[in-house]
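Chains as they are written, first to last, in our numbering: chain A, 8 to 121; chain B, 2 to 863. For reference, the structure is listed below as structure tokens.
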Amino acid sequence: MPAKSDLPQGTLDMLILQVAALGPIHGYAIAQRIQQISRDVLQVQQGSLYPALHRLENKGLLSALWKASETGREAKFYRLTRKGRLQLKEETASWARLSEAIRLILQATQGATS
Amino acid sequence: MTWWQRVRRGDRAEQQLDRELRYHLDRLKDEHEQAGVSKEEAARKATLAFGGLEQVKEECRDVRPLHLLDEARQDARYALRTFARNPAFALVVVVTLALGIGANSAIFSAIDTVLLKPLPYPSADRLVVVAETNLNQKTATSWVAPVKVEEWNRENRTFEVLAGGYFDNMTDTTGALPERDVAIRTSPRFFRVLGSPAALGRTFTSEEETFGGPAAVVLSDSFWRTRFNAAPSVINRTLTLADQKRTIVGVMPPSFRYPTATTDIWVPAQTPPGLMRAREVRFYSVVGRLKEGVTPNQATDDLLGTQRRLGDQFPRTDRGWGVAVSPLKEQQVGGVRRSLWLLFGAVLLVLVAACGNVACLMLAAAMRRQHEIAVRFSLGAERRRVIRQLLVEGLLLSIGGSVGGLLLASWGIKLLREASLRMPRATELHVDVRLVTFTLTLGVLTTMLFALAPAVQATRADLAARLAHGRAVVGSRQSFQRLLVSMQVALAIVLLVGAGLLLRSFSQLQQVSTGFDANNVLTFRVSGSFNERAAAVAIRQFRTLERLRAIPGVESAALGIVLPADADADYPAAEFTIDGRDTGDHYFAVARNVSADYFKTLRIPVLHGETCRDDVRPDARPTVLVNQSLANQYFPGETPIGHYIVGPRLPGEIIGIVGDAREQSLAKDAQPVAYWCGLVPFYPAAAQLIRVQPGRGVTITSIREAIREIEPARAVYAAASLPEVLARSLSQPRLNAILLGLFAAMALALAAVGLFGMLAQFVAQKRREIGLRMALGAQPTQVFAEVLRYSASTTGIGIAVGLAVALGLARFMTALVFGIESRDPMTFAIVPLVIVGVAGAATMIPARRAVRIDPVTALRDE
Numbered sequence: 008m009p010a011k012s013d014l015p016q017g018t019l020d021m022l023i024l025q026v027a028a029l030g031p032i033h034g035y036a037i038a039q040r041i042q043q044i045s046r047d048v049l050q051v052q053q054g055s056l057y058p059a060l061h062r063l064e065n066k067g068l069l070s071a072l073w074k075a076s077e078t079g080r081e082a083k084f085y086r087l088t089r090k091g092r093l094q095l096k097e098e099t100a101s102w103a104r105l106s107e108a109i110r111l112i113l114q115a116t117q118g119a120t121s
Numbered sequence: 002m003t004w005w006q007r008v009r010r011g012d013r014a015e016q017q018l019d020r021e022l023r024y025h026l027d028r029l030k031d032e033h034e035q036a037g038v039s040k041e042e043a044a045r046k047a048t049l050a051f052g053g054l055e056q057v058k059e060e061c062r063d064v065r066p067l068h069l070l071d072e073a074r075q076d077a078r079y080a081l082r083t084f085a086r087n088p089a090f091a092l093v094v095v096v097t098l099a100l101g102i103g104a105n106s107a108i109f110s111a112i113d114t115v116l117l118k119p120l121p122y123p124s125a126d127r128l129v130v131v132a133e134t135n136l137n138q139k140t141a142t143s144w145v146a147p148v149k150v151e152e153w154n155r156e157n158r159t160f161e162v163l164a165g166g167y168f169d170n171m172t173d174t175t176g177a178l179p180e181r182d183v184a185i186r187t188s189p190r191f192f193r194v195l196g197s198p199a200a201l202g203r204t205f206t207s208e209e210e211t212f213g214g215p216a217a218v219v220l221s222d223s224f225w226r227t228r229f230n231a232a233p234s235v236i237n238r239t240l241t242l243a244d245q246k247r248t249i250v251g252v253m254p255p256s257f258r259y260p261t262a263t264t265d266i267w268v269p270a271q272t273p274p275g276l277m278r279a280r281e282v283r284f285y286s287v288v289g290r291l292k293e294g295v296t297p298n299q300a301t302d303d304l305l306g307t308q309r310r311l312g313d314q315f316p317r318t319d320r321g322w323g324v325a326v327s328p329l330k331e332q333q334v335g336g337v338r339r340s341l342w343l344l345f346g347a348v349l350l351v352l353v354a355a356c357g358n359v360a361c362l363m364l365a366a367a368m369r370r371q372h373e374i375a376v377r378f379s380l381g382a383e384r385r386r387v388i389r390q391l392l393v394e395g396l397l398l399s400i401g402g403s404v405g406g407l408l409l410a411s412w413g414i415k416l417l418r419e420a421s422l423r424m425p426r427a428t429e430l431h432v433d434v435r436l437v438t439f440t441l442t443l444g445v446l447t448t449m450l451f452a453l454a455p456a457v458q459a460t461r462a463d464l465a466a467r468l469a470h471g472r473a474v475v476g477s478r479q480s481f482q483r484l485l486v487s488m489q490v491a492l493a494i495v496l497l498v499g500a501g502l503l504l505r506s507f508s509q510l511q512q513v514s515t516g517f518d519a520n521n522v523l524t525f526r527v528s529g530s531f532n533e534r535a536a537a538v539a540i541r542q543f544r545t546l547e548r549l550r551a552i553p554g555v556e557s558a559a560l561g562i563v564l565p566a567d568a569d570a571d572y573p574a575a576e577f578t579i580d581g582r583d584t585g586d587h588y589f590a591v592a593r594n595v596s597a598d599y600f601k602t603l604r605i606p607v608l609h610g611e612t613c614r615d616d617v618r619p620d621a622r623p624t625v626l627v628n629q630s631l632a633n634q635y636f637p638g639e640t641p642i643g644h645y646i647v648g649p650r651l652p653g654e655i656i657g658i659v660g661d662a663r664e665q666s667l668a669k670d671a672q673p674v675a676y677w678c679g680l681v682p683f684y685p686a687a688a689q690l691i692r693v694q695p696g697r698g699v700t701i702t703s704i705r706e707a708i709r710e711i712e713p714a715r716a717v718y719a720a721a722s723l724p725e726v727l728a729r730s731l732s733q734p735r736l737n738a739i740l741l742g743l744f745a746a747m748a749l750a751l752a753a754v755g756l757f758g759m760l761a762q763f764v765a766q767k768r769r770e771i772g773l774r775m776a777l778g779a780q781p782t783q784v785f786a787e788v789l790r791y792s793a794s795t796t797g798i799g800i801a802v803g804l805a806v807a808l809g810l811a812r813f814m815t816a817l818v819f820g821i822e823s824r825d826p827m828t829f830a831i832v833p834l835v836i837v838g839v840a841g842a843a844t845m846i847p848a849r850r851a852v853r854i855d856p857v858t859a860l861r862d863e
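Here it is, written out as structure tokens:
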């Protein structure tokens with residue numbers, strides 16, 4: 008089992024938006040999904056998940072609705088808004104640029120030391 | 002989390018948050034249970050993994066957008082911190098506002114209670130007073146004959162019901178000592194007109210209201226409380242009134258005070274059939290209830306028709322009589338309307354002056370905080386937000402002021418209730434919801450007055466300049482402050498002029514030459530009832546006078562129906578005729594019935610002819626004395642002595658002329674008066690007047706004892722010295738003058754403080770400049786003169802504006818001034834001098850401080 012790591016600062020919002028882009032989803036499922044997709048590497052703290060969800064909702068990037076979940080109980084589902092979709096696109100692009108840049112730097116320095 | 006937090010934050014949002022998080026927690030528990038651990042263990046693990054439900058909730062709340070309420074809370078907390086840093090400032094502001102608001106609330110309470118609220122009867126706006134008017138008479142109103150009340154009830158189309166009542170004194174011998182009860186004798190349907198049911202028991206039945214019916218009495222609330230200690234068992238007990246046992250059938254509620262608050266009891270008049278036929282015996286004051294939607298004018302037209310028909314039917318007695326219908330409320334409170342609005346106007350001006358002062362303080366405080374404000378701007382605060390912050394501070398201060406004002410007002414109302422003896426409905430004064438609403442509204446409005454301008458002023462753009470050198474804005478702020486101080490001076494002038502006019506009038510009233518000597522005259526009444534036989538009353542009155550004269554130290558004793566210059570008995574002049582003159586002229590005179598020693602007792606000089614004699618023989622020749630005014634007006638160039646005149650009651654021969662005395666009112670010049678000589682058997686409770694020799698120890702007590710010897714079953718009441726009675730008749734002008742004087746003093750003090758504050762700041766700001774100029778050789782007198790000039794120009798503008806406004810407003814005072822013109826030159830000359838004196842005093846300290854500035858330290862401070 009790989010070691011678990013916390014999310015890098017500022018990336019949680021992006022991950023939430025990405026997960027919500029697949030369809031309406033509630034908080035518990037979001038945490039599960041992130042954990043599963045990252046093969047248990049990324050662990051989401053509830054302490055940061057819910058404030059983040061509420062913040063995104065207040066900013067109008069997510070909209071909320073109450074409906075029955077897979078267990079039959081009512082849960083609060085979050086759905087990506089138009090504004091959220093745009094934001095996600097922007098953040099994904101900038102993340103891609105950033106990680107590409109970091110990768111390049113790491114490769115270059117590896118090459119130099121080896 | 003406490004309940005109020007829940008309320009504050011919005012229940013729904015909280016519930017949803019809770020449900021959302023619990024869902025997550027439960028799913029975690031399920032997860033663990035499925036992994037095979039026990040229920041408890043699963044719950045523990047889930048909670049652990051979740052990491053503190055409350056903490057997560059709190060973090061979720063933190064990301065919520067701030068609501069207006071939360072922002073206001075933040076502003077309020079910030080404001081309180083600011084006050085805590087400078088408590089003296091907050092205290093001064095709150096106290097100033099409390100004085101201004103409190104005075105307003107107290108006067109408003111009087112206006113609201115007396116003028117605005119309807120009388121305390123059901124549908125009171127439909128209650129009217131109806132008077133018979135004689136078209137031939139100068140002063141028109143009169144009382145109404147009992148038969149007319151019945152006829153009007155039958156024939157009108159605009160009234161639901163009409164009834165009458167008249168005042169009577171009843172000797173009450175229920176207890177060990179005789180007492181005098183103020184009774185109202187009521188016509189049938191009296192209580193139906195007013196519409197209030199009895200609080201206890203019932204009002205009169207129609208049997209009790211008809212002649213020969215059972216003897217009943219209804220008590221007023223105050224009488225019930227003082228005499229029966231508010232015992233509910235009072236119903237069906239009896240009172241012995243005028244030697245007749247009457248059954249108590251009901252007690253009225255405290256609000257029922259018709260016709261006056263002093264009424265003790267109501268008894269049915271049970272007018273005998275003989276009196277019902279006497280169409281000319283008018284004694285009821287009539288009150289009626291209009292039908293829904295009928296105006297007093299329509300009712301007047303309606304009843305005038307009835308009056309005309311009756312005039313045709315009974316030409317000898319009823320011809321020429323009209324009718325006047327006016328709202329009951331107007332009759333009850335009309336007399337004080339002008340004074341109350343005047344006081345309200347005055348007290349509003351005081352509040353404006355107080356707001357001016359507070360605005361100066363607020364501006365100074367805001368300016369001291371310019372740096373802080375500038376920093377907030379540079380941190381991205383909007384101007385709107387900063388202004389709101391300053392307004393919230395103002396609002397908090399005015400809430401403090403309102404609460405303080407309310408306390409002051411409740412105290413003031415108590416004082417008013419006691420001080421305003423003659424103000425109608427004064428007993429109804431109390432603190433109520435309307436007053437609290439008014440006070441709080443006033444508080445919010447004053448915030449707009451005193452906090453908005455400084456807030457706008459202090460947050461003006463120009464940030465860079467302000468941060469760089471704070472003095473850039475000093476100029477505009479000074480002109481704003483000068484404007485405020487000038488305004489305060491102007492307000493003080495207006496109020497001082499108003500107070501000056503009233504005070505001068507009042508002193509004129511006191512110094513007026515009355516034409517009689519009230520000193521060492523005592524007065525009282527002995528209870529008697531209109532039901533006594535006239536002959537018996539005459540004998541009793543004669544006996545009483547004899548006994549009084551026999552008291553050692555009593556110089557003379559006399560009787561009159563009313564006291565001289567008694568404001569309660571300001572009856573209109575009556576018409577009389579002069580035998581042998583058929584010129585068609587109308588003659589009017591104040592008619593008085595007085596016993597022989599009236600003139601001796603009051604020291605009214607007999608100028609010509611003889612004085613009255615007490616002659617109790619039934620066939621005595623009726624005689625009259627007239628005053629100088631009557632002689633001059635109606636007998637120019639001849640002597641009235643020897644003429645016969647016929648007055649409202651009796652004919653009489655004029656036997657003498659006496660000096661003019663202000664019989665009607667201190668405020669009225671002497672008018673023609675005819676004094677009918679003799680006892681007053683038709684007025685059983687006549688006023689006794691006795692002149693005592695000073696130092697002989699004659700007191701009301703010794704008089705009571707003397708009366709008890711001869712009249713053990715009668716009460717002595719309304720005892721007072723004549724000067725006291727006269728002073729009482731001036732109580733409303735006195736109260737007006739005192740209150741307006743108080744308000745003017747407040748305005749003056751506010752103006753002085755405002756001026757002082759402005760000059761002190763002026764000197765403080767110019768410290769460096771003054772220091773520099775003094776270092777360069779300026780004389781202290783020059784510096785002194787500069788401060789003086791600054792003060793004088795500010796005050797001067799205020800004085801000019803104030804005098805102009807006061808001259809304009811003075812005409813509204815015409816009805817309230819006496820003996821002077823409303824533009825009284827003396828008042829208008831003295832008031833500016835007072836202001837100049839006070840302004841001079843307020844200028845001295847800052848000016849001296851300016852002179853004492855040490856150039857060296859002033860320059861080193863930079």
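The C-beta atom is built at its ideal place from N, Cα and C for all residues, glycine as well.
Among the residues of chain A, those whose CB is under 9 Å from the CB of Q17/B are A71, W73 and K83, following chain order. Rounded to the nearest angstrom, the gap between the Cα atoms of S666/B and G402/B is 43 Å. Residues of chain B whose Cβ lies closer than 7 Å to the Cβ of P31/A do not exist, since the nearest Cβ in that chain is about 14 Å away. Using a 10 angstroms sphere on the CB of V376/B, the tally of other CB atoms stays under 16, which defines it as exposed.
Only residues of its own chain outside the window of five on either side were considered, and among them P147 have a CB closer than 6 Å to the CB of T272/B, listed in chain order. Check the Cα spacing between L98/B and each of A662/B, L350/B and V726/B: the tightest is with L350/B. Residues are counted here when their Cβ sits less than 9 Å from a Cβ of chain B; for the stretch 85-100 of chain A the count is zero.
The beta carbon of F451/B is closer than 7 Å to those of C356, V359, A360, M363 and G395 in its chain, skipping five residues each way along the sequence. In chain order, D265 and I266 place their CB closer than 7 Å to the CB of F224/B, counting only its own chain and leaving out the 5 sequence neighbours on each side. Below the 8 Å Cβ cutoff, chain B contributes V64 as neighbours of R62/A, in chain order. Close to L22/B, with beta-carbon spacing below 7 Å, are these residues of chain A in chain order: Y57. Inclusion of V324/B and L305/B in the CB contact set at 8 Å is warranted, their separation being smaller than that value. The criterion of a C-beta distance shorter than 8 Å is not satisfied by Q672/B and V595/B.
Within the same chain, D113 come within 7 Å of R435/B by CB-CB distance, once the 5 residues on both sides are set aside. Inclusion of I605/B and V627/B in the CB contact set at 8 Å is not warranted, their separation being larger than that value.
Only residues of its own chain outside the window of five on either side were considered, and among them Q629, I658, V659 and G660 have a CB closer than 7 Å to the CB of L608/B, listed in chain order. In the DSSP assignment, I704/B falls within the alpha helix (DSSP H) that extends over I701 to I711. With a threshold of 16 other beta carbon atoms within 10 Å, K30/B meets it and is buried.
Around the beta carbon of G53/B, fewer than 16 other beta carbons sit within 10 angstroms, so the residue counts as exposed. Across the stretch 23-50 of chain A, CB contacts with chain B closer than 9 Å involve H33, G34, Y35, A36, A38 and Q39, in sequence order along the chain.
Separation of the CB atoms of G405/B and G103/B is rounded to 7 Å, and the pair is thereby assigned contact status at 8 Å. For the C-beta of R28/B, the chain A residues within less than 7 Å are, from N- to C-terminus, Y35.
Q114/A is outside the set of residues whose beta carbon lies under 8 Å from a beta carbon in chain B.
Scanning the stretch 153-211 of chain B for uninterrupted beta strand (DSSP E) segments of 3 residues or longer gives 160-173 and 180-187, listed from N- to C-terminal end. Taking a C-beta distance under 8 Å as the contact criterion, N105/B and V348/B qualify as a contact pair. Inside the stretch 621-657 of chain B, DSSP marks whole alpha helix (DSSP H) runs of 4 or more residues at positions 629-635, from first to last along the chain. For C613/B, the three-state secondary structure derived from DSSP is coil.
Considering only E152/B, R384/B, R78/B and R23/B, the residue with the shortest C-alpha distance to R80/A is R23/B. C-alpha of A687/B to C-alpha of N532/B: approximately 14 Å in a straight line. Between the stretch 708-724 of chain B and the stretch 508-528 of chain B, the count of Cβ pairs shorter than 8 Å is three or higher; the stretches touch. The stretch 693-706 of chain B makes no contact with the stretch 493-505 of chain B, as fewer than three CB pairs between them are under 8 Å.
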